[in-house]
Amino acid sequence: ADQGPLNVCVQVNLSAEESKSGTTSSAASELCQQIAELPNLTLRGLMAIPAATDDEAAQHRAFSVLAHLFQSLQTSHPDMDTLSMGMSNDYAAAIAEGSTMIRLGTALFGPRQS
């Protein structure tokens with residue numbers, strides 16, 4: 691059955707952590723352009739999981755970087771509407787910096803079972 695194009699967000703590795711996936715901020719524009727040209731994908735936005743920290747100022751700085759990248763990419767991709775950043779421990783900073791989607795697994799379901 692035809693389900694139409696798949697909605698996708700580009701993951702940006704803000705802190706260049708080897709434990710995290712995603713493109714670099716500098717390569718995000720080219721990747722977004724390539725995705726936009728594919729008929730079976732719809733570029734919806736950006737997502738990121740920054741380095742874990744309890745330092746609220748550092749959280750705001752990381753989310754601000756992604757928010758500015760998102761805004762600059764919207765110039766060439768005006769249909770991008772999703773800025774997915776923020777998890778259970780940093781969602782307040784993410785919302786303050788413009789997140790449109792947060793992920794609250796631990797806050798809702800508790801810590802992962804090992």
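Numbering follows the working numbering, in which position 104 of the sequence shown is assigned residue number 794; successive positions increment by one, without gaps.
For each residue, glycine too, the CB sits at the ideal point set by N, CA and C.
As the structure is a computational prediction, the values presented were derived from the model and not from experiment.
Answer yes or no: do residue i and residue j have a C-beta to C-beta separation smaller than 7 Å?
i, j, result
"L731", "V702", "no"
"I725", "L733", "yes"
"L763", "C722", "yes"
"A784", "G795", "no"
Is it buried or exposed, residue i, if we count other Cβ atoms within 10 angstroms and call 16 or more buried?
i, result
"S789", "buried"
For residue i and residue j, what's the separation of their Cα atoms in angstroms?
i, j, result
"L759", "S778", "23 Å"
"I792", "A748", "18 Å"
"C699", "S715", "14 Å"
"T743", "D771", "27 Å"
"S754", "E707", "18 Å"
"S757", "A782", "Reading off the sequence shown, one finds Ala at residue 757, where the question assumed Ser. Roughly 14 Å between the two C-alpha positions."
Comparing alpha-carbon positions, which option in the options lies nearest residue i?
i, options, result
"S705", "A797, S719, R751 and E720", "R751"
"E746", "A757, S716, D769 and A786", "A786"
"D769", "I792, E708 and Q761", "Q761"
"H767", "S709, S719 and D780", "S719"
Would you check if the region 693-701 and the region 710-730 touch, i.e. whether three or more CB-CB distances between them fall below 8 Å?
Touching, per the Cβ criterion.
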